[in-house]
Amino acid sequence: MRVIEMSEYGGPEVLRLAERPEPAAAPGRVRVRVAASTINPVDQAVRAGFMGDYPKPIVLGWDLAGTVIEDAEGFRAGQRVAGMVPWIASADHAGTYAEVVSVEPGWLAPLPDGISLDEAATIPLNALTASQALGLLNVHSGQSLLVTGASGAVGGYAVQLAARAGAHVVAVASAGDESHVASLGAKEVIGRDDLGGQRVDAVFDAGTAGPSLIGAVRDGGTFVAVIPPGLPEPERGIRVERVNVVPDAAKLRELVTAGLTTRIADVIPLADAAEAHARAAAGGLRGKLVLRVSRG
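Count along the sequence shown starting at 1, add 1, and that's the number in the working numbering.
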(Lines of atoms letter the chains of each structure in order from A and count residues from 1; the text may use other names and numbers.)
(Lines give C-alpha, C1' and ligand atoms only; values in the text may rest on other atoms or scores of the structure.)
Protein backbone atom coordinates (compact mmCIF):
# COMPACT_ATOMS: atom_id res chain seq x y z
CA MET A 1 0.00 0.00 0.00
CA ARG A 2 1.03 3.62 -0.45
CA VAL A 3 1.85 5.84 2.52
CA ILE A 4 3.35 9.26 3.03
CA GLU A 5 6.24 9.00 5.45
CA MET A 6 9.02 11.20 6.77
CA SER A 7 12.46 10.14 8.00
CA GLU A 8 13.57 13.56 9.25
CA TYR A 9 12.02 16.77 10.52
CA GLY A 10 11.81 19.83 8.34
CA GLY A 11 9.74 21.53 5.69
CA PRO A 12 7.10 19.94 3.46
CA GLU A 13 9.84 18.46 1.28
CA VAL A 14 10.60 15.80 3.93
CA LEU A 15 7.29 14.07 3.10
CA ARG A 16 7.83 11.17 0.73
CA LEU A 17 5.56 8.67 -1.03
CA ALA A 18 6.52 5.12 0.01
CA GLU A 19 5.25 1.54 -0.13
CA ARG A 20 4.54 -0.55 2.97
CA PRO A 21 2.77 -3.87 3.57
CA GLU A 22 -0.88 -3.55 4.53
CA PRO A 23 -1.48 -4.12 8.24
CA ALA A 24 -2.86 -7.60 8.89
CA ALA A 25 -6.23 -8.25 10.47
CA ALA A 26 -5.89 -8.58 14.24
CA PRO A 27 -8.20 -9.18 17.23
CA GLY A 28 -9.51 -5.96 18.76
CA ARG A 29 -8.72 -3.93 15.65
CA VAL A 30 -10.64 -2.72 12.60
CA ARG A 31 -8.98 -2.41 9.22
CA VAL A 32 -10.16 0.57 7.17
CA ARG A 33 -9.39 1.48 3.57
CA VAL A 34 -8.82 5.21 3.87
CA ALA A 35 -10.49 7.38 1.25
CA ALA A 36 -9.64 10.77 2.72
CA SER A 37 -7.55 12.40 5.41
CA THR A 38 -6.81 16.07 6.12
CA ILE A 39 -3.96 18.48 6.75
CA ASN A 40 -4.10 19.70 10.35
CA PRO A 41 -1.84 22.13 12.22
CA VAL A 42 -0.68 19.28 14.48
CA ASP A 43 0.56 17.39 11.40
CA GLN A 44 2.55 20.43 10.33
CA ALA A 45 3.96 20.90 13.85
CA VAL A 46 5.11 17.26 14.09
CA ARG A 47 6.66 17.42 10.61
CA ALA A 48 8.62 20.53 11.59
CA GLY A 49 9.89 18.90 14.81
CA PHE A 50 7.94 21.13 17.21
CA MET A 51 6.14 18.27 19.01
CA GLY A 52 9.03 16.16 20.24
CA ASP A 53 10.93 13.24 18.76
CA TYR A 54 9.25 10.03 17.59
CA PRO A 55 10.54 6.77 16.09
CA LYS A 56 11.03 7.25 12.36
CA PRO A 57 9.97 6.90 9.66
CA ILE A 58 6.72 8.59 10.71
CA VAL A 59 3.35 8.37 8.98
CA LEU A 60 1.36 11.49 9.85
CA GLY A 61 -2.40 11.97 9.84
CA TRP A 62 -5.11 12.08 12.52
CA ASP A 63 -8.33 12.15 10.49
CA LEU A 64 -9.79 9.44 8.31
CA ALA A 65 -12.90 8.65 6.37
CA GLY A 66 -13.18 5.39 4.49
CA THR A 67 -14.67 1.90 4.40
CA VAL A 68 -14.23 -1.13 6.64
CA ILE A 69 -12.39 -3.96 4.91
CA GLU A 70 -13.80 -6.98 6.76
CA ASP A 71 -16.31 -7.62 9.55
CA ALA A 72 -14.62 -6.76 12.85
CA GLU A 73 -15.49 -5.51 16.33
CA GLY A 74 -19.11 -4.66 15.50
CA PHE A 75 -18.33 -3.05 12.13
CA ARG A 76 -19.21 -4.72 8.85
CA ALA A 77 -17.28 -5.02 5.62
CA GLY A 78 -18.00 -2.11 3.27
CA GLN A 79 -19.37 0.10 6.05
CA ARG A 80 -18.43 3.77 5.73
CA VAL A 81 -16.74 5.20 8.80
CA ALA A 82 -14.93 8.27 10.07
CA GLY A 83 -12.39 8.36 12.83
CA MET A 84 -9.69 10.15 14.75
CA VAL A 85 -6.44 8.21 15.09
CA PRO A 86 -4.25 9.47 17.97
CA TRP A 87 -1.15 8.00 16.37
CA ILE A 88 1.24 9.88 18.67
CA ALA A 89 0.00 7.85 21.62
CA SER A 90 -0.63 4.59 19.75
CA ALA A 91 1.70 1.62 19.91
CA ASP A 92 2.52 1.55 16.21
CA HIS A 93 2.76 5.33 15.66
CA ALA A 94 0.90 4.89 12.36
CA GLY A 95 -1.23 7.78 11.14
CA THR A 96 -3.80 8.09 8.38
CA TYR A 97 -1.66 9.21 5.43
CA ALA A 98 -1.91 5.56 4.36
CA GLU A 99 -4.23 3.58 2.11
CA VAL A 100 -5.05 1.04 4.85
CA VAL A 101 -4.98 1.51 8.62
CA SER A 102 -5.62 -0.83 11.54
CA VAL A 103 -7.33 1.05 14.37
CA GLU A 104 -9.14 0.54 17.64
CA PRO A 105 -12.94 0.40 17.29
CA GLY A 106 -13.29 3.18 19.86
CA TRP A 107 -11.69 5.57 17.40
CA LEU A 108 -14.40 5.09 14.76
CA ALA A 109 -18.00 6.08 14.10
CA PRO A 110 -20.32 4.88 11.32
CA LEU A 111 -21.16 7.48 8.69
CA PRO A 112 -24.75 8.26 7.74
CA ASP A 113 -25.91 8.61 4.15
CA GLY A 114 -25.78 12.14 2.82
CA ILE A 115 -22.25 13.07 3.86
CA SER A 116 -19.35 12.54 1.51
CA LEU A 117 -16.13 10.91 2.63
CA ASP A 118 -14.23 14.12 1.88
CA GLU A 119 -16.58 16.12 4.12
CA ALA A 120 -16.51 13.47 6.83
CA ALA A 121 -12.71 13.56 6.98
CA THR A 122 -12.83 17.17 8.20
CA ILE A 123 -14.92 16.32 11.28
CA PRO A 124 -13.15 13.94 13.71
CA LEU A 125 -10.15 15.82 15.11
CA ASN A 126 -11.54 19.31 14.67
CA ALA A 127 -15.12 18.81 15.83
CA LEU A 128 -14.06 16.61 18.75
CA THR A 129 -11.57 19.29 19.82
CA ALA A 130 -14.31 21.92 19.66
CA SER A 131 -16.81 19.75 21.54
CA GLN A 132 -14.37 18.84 24.29
CA ALA A 133 -13.30 22.49 24.65
CA LEU A 134 -16.93 23.53 25.08
CA GLY A 135 -17.28 20.82 27.72
CA LEU A 136 -14.39 22.35 29.66
CA LEU A 137 -16.05 25.74 29.31
CA ASN A 138 -19.39 24.31 30.47
CA VAL A 139 -21.13 26.16 27.66
CA HIS A 140 -24.84 26.65 28.33
CA SER A 141 -27.84 28.74 27.35
CA GLY A 142 -27.46 32.43 28.13
CA GLN A 143 -23.68 32.29 28.49
CA SER A 144 -21.55 34.74 26.52
CA LEU A 145 -18.64 33.06 24.74
CA LEU A 146 -15.85 34.55 22.66
CA VAL A 147 -14.39 32.20 20.02
CA THR A 148 -11.20 33.12 18.19
CA GLY A 149 -10.16 31.41 14.95
CA ALA A 150 -13.83 31.14 13.95
CA SER A 151 -12.86 31.10 10.27
CA GLY A 152 -10.95 27.87 10.85
CA ALA A 153 -12.19 24.33 11.35
CA VAL A 154 -11.99 24.02 15.15
CA GLY A 155 -13.29 27.53 15.76
CA GLY A 156 -16.03 27.14 13.17
CA TYR A 157 -17.28 23.93 14.74
CA ALA A 158 -17.12 25.56 18.19
CA VAL A 159 -19.31 28.45 17.00
CA GLN A 160 -21.92 26.04 15.64
CA LEU A 161 -22.01 23.80 18.70
CA ALA A 162 -22.06 26.69 21.18
CA ALA A 163 -24.82 28.49 19.28
CA ARG A 164 -26.91 25.30 19.27
CA ALA A 165 -26.41 25.10 23.04
CA GLY A 166 -27.93 28.57 23.38
CA ALA A 167 -24.78 30.57 24.06
CA HIS A 168 -24.36 34.14 22.86
CA VAL A 169 -21.35 33.66 20.61
CA VAL A 170 -18.97 36.48 19.74
CA ALA A 171 -16.77 35.14 16.94
CA VAL A 172 -13.46 36.48 15.67
CA ALA A 173 -13.34 36.06 11.89
CA SER A 174 -10.73 36.68 9.22
CA ALA A 175 -11.40 39.53 6.81
CA GLY A 176 -13.83 38.40 4.15
CA ASP A 177 -15.23 35.58 6.29
CA GLU A 178 -17.71 37.62 8.28
CA SER A 179 -20.82 36.39 6.44
CA HIS A 180 -19.72 32.77 6.60
CA VAL A 181 -19.04 32.91 10.35
CA ALA A 182 -22.34 34.68 11.00
CA SER A 183 -24.11 31.87 9.12
CA LEU A 184 -22.67 29.40 11.66
CA GLY A 185 -24.74 30.98 14.41
CA ALA A 186 -22.55 33.72 15.88
CA LYS A 187 -24.54 36.61 17.33
CA GLU A 188 -21.63 39.00 16.80
CA VAL A 189 -18.73 38.75 14.35
CA ILE A 190 -15.66 40.90 14.96
CA GLY A 191 -12.10 41.23 13.69
CA ARG A 192 -8.95 40.77 15.74
CA ASP A 193 -8.57 44.54 15.98
CA ASP A 194 -11.92 44.70 17.79
CA LEU A 195 -10.95 42.44 20.72
CA GLY A 196 -10.26 45.34 23.04
CA GLY A 197 -13.11 46.09 25.40
CA GLN A 198 -14.80 42.68 25.06
CA ARG A 199 -16.16 41.22 28.32
CA VAL A 200 -17.59 37.71 28.21
CA ASP A 201 -18.24 34.78 30.53
CA ALA A 202 -15.80 32.52 28.70
CA VAL A 203 -13.18 32.48 25.95
CA PHE A 204 -12.21 29.65 23.63
CA ASP A 205 -8.97 30.60 21.92
CA ALA A 206 -9.12 28.30 18.91
CA GLY A 207 -6.81 30.68 17.06
CA THR A 208 -3.63 32.37 18.17
CA ALA A 209 -4.86 35.38 20.13
CA GLY A 210 -2.74 34.31 23.08
CA PRO A 211 -2.57 34.96 26.84
CA SER A 212 -3.50 38.65 26.71
CA LEU A 213 -7.03 37.62 25.74
CA ILE A 214 -7.71 36.71 29.37
CA GLY A 215 -8.55 40.37 29.79
CA ALA A 216 -11.77 39.71 27.88
CA VAL A 217 -12.99 37.24 30.54
CA ARG A 218 -15.15 38.42 33.39
CA ASP A 219 -14.07 37.69 36.97
CA GLY A 220 -14.68 34.03 37.79
CA GLY A 221 -15.01 33.04 34.13
CA THR A 222 -13.20 30.41 32.06
CA PHE A 223 -10.43 30.50 29.46
CA VAL A 224 -9.64 27.47 27.29
CA ALA A 225 -6.97 27.34 24.58
CA VAL A 226 -5.81 24.82 21.98
CA ILE A 227 -2.18 25.91 21.77
CA PRO A 228 -0.06 25.55 24.96
CA PRO A 229 1.74 28.92 24.53
CA GLY A 230 -1.72 30.50 24.44
CA LEU A 231 -2.38 29.72 28.11
CA PRO A 232 -2.30 32.75 30.42
CA GLU A 233 -1.67 32.71 34.15
CA PRO A 234 -4.95 32.48 36.09
CA GLU A 235 -6.19 35.75 37.56
CA ARG A 236 -9.37 37.18 39.07
CA GLY A 237 -10.70 33.71 39.81
CA ILE A 238 -10.63 32.73 36.15
CA ARG A 239 -10.17 29.02 35.45
CA VAL A 240 -7.58 28.39 32.73
CA GLU A 241 -7.30 25.08 30.85
CA ARG A 242 -5.94 23.60 27.65
CA VAL A 243 -8.05 21.17 25.64
CA ASN A 244 -6.24 17.89 24.98
CA VAL A 245 -8.44 16.06 22.51
CA VAL A 246 -9.07 12.35 23.08
CA PRO A 247 -11.03 9.81 20.99
CA ASP A 248 -14.72 9.57 21.86
CA ALA A 249 -16.67 7.27 19.57
CA ALA A 250 -20.06 8.11 21.10
CA LYS A 251 -19.55 11.85 20.69
CA LEU A 252 -18.15 11.35 17.19
CA ARG A 253 -21.35 9.49 16.27
CA GLU A 254 -23.30 12.58 17.34
CA LEU A 255 -21.04 14.96 15.45
CA VAL A 256 -21.10 13.13 12.11
CA THR A 257 -24.92 13.11 12.19
CA ALA A 258 -25.30 16.71 13.41
CA GLY A 259 -25.38 18.37 10.01
CA LEU A 260 -22.43 20.61 10.82
CA THR A 261 -21.23 23.02 8.17
CA THR A 262 -17.73 22.30 6.88
CA ARG A 263 -15.58 23.98 4.26
CA ILE A 264 -13.12 22.27 1.93
CA ALA A 265 -10.54 24.47 0.23
CA ASP A 266 -9.27 21.72 -2.06
CA VAL A 267 -8.90 17.96 -2.45
CA ILE A 268 -5.34 16.87 -3.22
CA PRO A 269 -3.99 13.41 -4.17
CA LEU A 270 -2.01 11.57 -1.50
CA ALA A 271 1.12 11.68 -3.66
CA ASP A 272 1.03 15.48 -3.46
CA ALA A 273 1.00 15.63 0.35
CA ALA A 274 4.15 17.80 0.38
CA GLU A 275 2.40 20.34 -1.83
CA ALA A 276 -0.63 20.25 0.48
CA HIS A 277 1.56 20.93 3.52
CA ALA A 278 3.23 23.82 1.71
CA ARG A 279 -0.14 25.36 0.87
CA ALA A 280 -1.37 24.95 4.43
CA ALA A 281 1.81 26.57 5.77
CA ALA A 282 1.40 29.51 3.39
CA GLY A 283 -1.99 30.32 4.93
CA GLY A 284 -4.87 32.19 3.35
CA LEU A 285 -7.01 29.09 2.79
CA ARG A 286 -10.76 29.15 3.25
CA GLY A 287 -11.48 25.63 4.44
CA LYS A 288 -9.59 22.40 4.97
CA LEU A 289 -7.18 20.72 2.62
CA VAL A 290 -8.33 17.13 2.15
CA LEU A 291 -5.94 14.38 1.05
CA ARG A 292 -7.53 11.89 -1.37
CA VAL A 293 -5.80 8.75 -0.12
CA SER A 294 -7.15 5.69 -1.94
CA ARG A 295 -6.91 5.61 -5.70
CA GLY A 296 -10.12 3.63 -5.97
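Virtual Cβ for every residue (Gly too), placed ideally from N, Cα, C. Everything numeric in this text was worked out from a predicted model, so none of it was measured.
Is DSSP giving residue i helix, strand or coil here?
i: arginine 3; result: strand
i: arginine 193; result: helix
i: lysine 57; result: coil
i: lysine 289; result: strand
i: glycine 157; result: helix
i: glutamate 74; result: coil
i: serine 213; result: helix
i: glycine 67; result: strand
i: histidine 94; result: coil
i: proline 230; result: helix
i: glycine 222; result: strand
i: leucine 261; result: coil
i: alanine 128; result: helix
i: serine 184; result: helix
i: aspartate 202; result: strand
i: alanine 266; result: strand
i: leucine 135; result: helix
i: proline 111; result: strand
i: valine 294; result: coil
i: glutamate 242; result: strand
i: glutamate 120; result: helix
i: histidine 141; result: coil
i: valine 86; result: coil
i: arginine 48; result: helix
i: arginine 254; result: helix
i: alanine 19; result: strand
i: arginine 165; result: helix
i: valine 43; result: helix
i: alanine 99; result: strand
i: arginine 30; result: coil
Under 8 Å between the Cβ atoms of residue i and residue j?
i: valine 101; j: methionine 2; result: yes
i: histidine 278; j: arginine 32; result: no
i: leucine 61; j: aspartate 44; result: yes
i: alanine 151; j: alanine 121; result: no
i: leucine 138; j: threonine 223; result: yes
i: alanine 272; j: lysine 289; result: no
i: glycine 167; j: glycine 143; result: yes
i: glycine 285; j: alanine 207; result: no
i: valine 170; j: alanine 187; result: yes
i: leucine 256; j: leucine 65; result: no
i: alanine 99; j: valine 182; result: no
i: leucine 185; j: alanine 164; result: yes
i: threonine 123; j: valine 225; result: no
i: leucine 16; j: alanine 275; result: yes
i: histidine 94; j: isoleucine 116; result: no
i: threonine 262; j: glutamine 161; result: yes
i: arginine 34; j: serine 295; result: yes
Using the rule of at least 16 other Cβ atoms within 10 Å of the residue's Cβ for burial, across every protein chain shown, is residue i buried or exposed?
i: phenylalanine 205; result: buried
i: glycine 96; result: buried
i: glycine 75; result: exposed
i: glycine 1; result: Lying before the first or after the last residue shown, residue 1 is absent from the chain, which here runs from 2 to 297.
i: proline 13; result: buried
i: serine 132; result: buried
i: asparagine 245; result: exposed
i: glycine 67; result: buried
i: glutamate 234; result: exposed
i: methionine 7; result: buried
i: serine 103; result: buried
i: proline 270; result: exposed
i: proline 22; result: exposed
i: arginine 237; result: exposed
i: alanine 159; result: buried
i: alanine 203; result: buried
May I ask you to check if the CB of residue i is nearer than 7 Å to at least one heavy atom of the ligand PLP?
i: alanine 37; result: Annotation note on the ligand PLP: not contained in the displayed structure, which lists no ligands.
Below 8 Å on the Cβ atoms is my guess for residue i versus residue j; work out the distance and round it to an integer in Å.
i: arginine 264; j: arginine 280; result: So it is not a contact: roughly 15 Å between Cβ atoms.
i: glycine 211; j: glycine 231; result: 5 Å
i: tyrosine 10; j: glycine 50; result: 3 Å
Inspect the CB distances between the segment 80 to 88 and the segment 246 to 258 and report whether three or more fall short of 8 Å. Verdict: yes, contact present.
Hey, is the segment 34 to 45 in contact with the segment 71 to 79, meaning 3+ C-beta pairs nearer than 8 Å? Touching, no, given that fewer than three Cβ pairs across the two stretches are closer than 8 Å.
When the Cβ atoms of the segment 225 to 243 are set against those of the segment 174 to 191, are three or more pairs found closer than 8 Å? No contact exists between the segment 225 to 243 and the segment 174 to 191.
Could you say if the segment 102 to 122 and the segment 196 to 214 meet the contact criterion of at least three C-beta pairs nearer than 8 Å? In this structure the segment 102 to 122 does not touch the segment 196 to 214; the number of beta carbon pairs closer than 8 Å is below three.
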